[in-house]
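Quick note on our numbering: the sequence shown kicks off at 1 and runs consecutively.
Report on the following structure.
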Amino acid sequence: MDYTKLGSTGLDISRLCLGCMTYGTPSRGNHAWTLDEEASRPILRRAVEAGINFFDTANVYSDGTSEEIVGRALKEYTRRDEVVIATKVHGRMRPGANGAGLSRKAIMTEIDASLARLGTDYVDLYQIHRFDHEVPIEETLEALHDVVKAGKARYIGASSMYAWQFATMLHASEANGWTRFVTMQDYLNLLYREEEREMLPLCAAEGIGVIPWSPLARGRLTRNWDDTTERSQTDEFGSTLYAHTADADRKVVEAVATIAAERGVPRAQVALAWVLAKPEVSAPIIGASKNTHLDDAIAALELGLTEGEIARMEAPYVPHAIVGFS
Ligand SMILES: NC(=O)c1ccc[n+]([C@@H]2O[C@H](COP(=O)([O-])OP(=O)(O)OC[C@H]3O[C@@H](n4cnc5c(N)ncnc54)[C@H](OP(=O)(O)O)[C@@H]3O)[C@@H](O)[C@H]2O)c1
């Protein structure tokens, strides 16, 4: 396993972060395709054994059961002081008032609930899952600062939003002497490169570590365009991400397939190597529903694409409508 610093922090992370949205009780929450605890544990164990020390989950994943499964597994398979646990806040956890969002009240409630489910007294990275249009950013940022000062989180990060929103929040933290975001978890892969316009240059300029989600476009980059899997057929959120530019996207998938065939490696390795080659990226957040997915992700660290290969895979891309946040 390769290790790096997370953005401009001193925190050591593996160059792969294991995305734990895949692990959760299928009947809970809105991801019917997840693996239950029994099926999840061997993959989490394999990840630890392979040297992955960075794990990303969220309060909303499978209605909190992802955090529970991950917390129990990591306690058994690794040491708390070595592992880097990231979770998120913003999504709806309960119907009614104060059941979602980034108010001070919601953040204070949700960090304690996440810690209880994870079975730990701190998380390493506490991320806002989206921008909250209804809460003053100063309220959110001061609450996050207080979470850090209370020892419940080591660092804070943000996820998919407009670059101007992120820049405004970074500025407000500095102006008030509050803890600053150290990461941006955004949507970036060969089928969605809109973050190259504003977000990636902002993160480079500000020393923010980029940890992209769905680096394989939820599996679309790993197989023929028309092939499906159990997940792809029941992935409601995923179906909102890929509707608009099918012709160009299909050509990108074909270019990945061609280069993988030339190299004699699975397509997943090539597509992930493209994300890993971006200098702004600290670690992609990979999804693994089988141990072989971990093997390919690890192999991608050594693949090393040429400039020519990168250019061939990028050539068919056309601008996409913004997806993944509102
Ligand atoms: N911040 C956010 O808003 C946000 C949003 C989405 C995700 N995330 C984070 O990002 C993580 C990863 O998301 P993701 O699961 O969509 O990532 P992904 O890596 O783009 O997709 C993973 C899927 O690709 C397929 N796959 C992976 N490796 C493969 C291989 N070697 N060969 C063939 N197929 C392969 C599998 O699909 P099948 O299972 O269908 O075979 C797997 O479930 C999540 O767990 C979560 O932590 C965050």
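We treat Cβ as the ideally placed atom computed from N, Cα and C, and that holds for glycine.
For residue i, three-class secondary structure by DSSP
| i | result |
| --- | --- |
| A97 | coil |
| M1 | coil |
| F181 | strand |
| D146 | helix |
| D121 | coil |
| S160 | coil |
| R312 | helix |
| A113 | helix |
| A153 | strand |
| I107 | helix |
Near ligand 1: residue i beta-carbon under 6 Å from a heavy atom
| i | result |
| --- | --- |
| P319 | no |
| G71 | no |
| D81 | no |
| S214 | yes |
| S293 | The residue asked about is misnamed: residue 293 is His in this sequence, not Ser. Checking every heavy atom of ligand 1 against the Cβ of H293, one is found closer than 6 Å. |
| R231 | yes |
| A250 | The residue asked about is misnamed: residue 250 is Arg in this sequence, not Ala. For ligand 1, not one heavy atom lies less than 6 Å from the Cβ of R250. |
| M313 | no |
| D124 | no |
| Q185 | yes |
| R218 | yes |
| G19 | yes |
| I43 | no |
| I286 | yes |
| D12 | no |
| A268 | yes |
| D296 | yes |
| T222 | yes |
| S159 | yes |
Residue nearest to residue i in terms of C-alpha spacing, selected from the options
| i | options | result |
| --- | --- | --- |
| S40 | S159, L74 and E134 | L74 |
| N327 | V265, S103 and A283 | In the structure as shown, the chain begins at 1 and stops at 326. Residue 327 is therefore absent and cannot be evaluated. |
| I107 | W164, I211, M93 and L118 | M93 |
| L118 | D56, A97 and I43 | D56 |
| R231 | E139, L202, Y23 and A248 | Y23 |
| E206 | I13, Y192, M169 and A300 | M169 |
Exposed unless 16 or more other CB atoms sit within 10 angstroms - verdict on residue i
| i | result |
| --- | --- |
| M327 | The question about residue 327 has no answer here: the residues shown for the chain are numbered 1 through 326. |
| V147 | buried |
| E280 | buried |
| R267 | buried |
| G219 | buried |
| G177 | exposed |
| S8 | exposed |
| I322 | exposed |
| R197 | exposed |
| E307 | exposed |
| A86 | buried |
| Y61 | buried |
| E67 | buried |
| P212 | buried |
Segments of 3+ residues assigned as beta strand (DSSP E) that fall wholly inside the segment 13-87: Listed in chain order, the complete beta strand (DSSP E) runs (minimum 3 residues) inside the segment 13-87 are 17-19 and 54-56.
Within the segment 189-276, ranges of the beta strand (DSSP E) (whole runs, at least 3 residues): Fully enclosed beta strand (DSSP E) runs of 3 or longer: not present.
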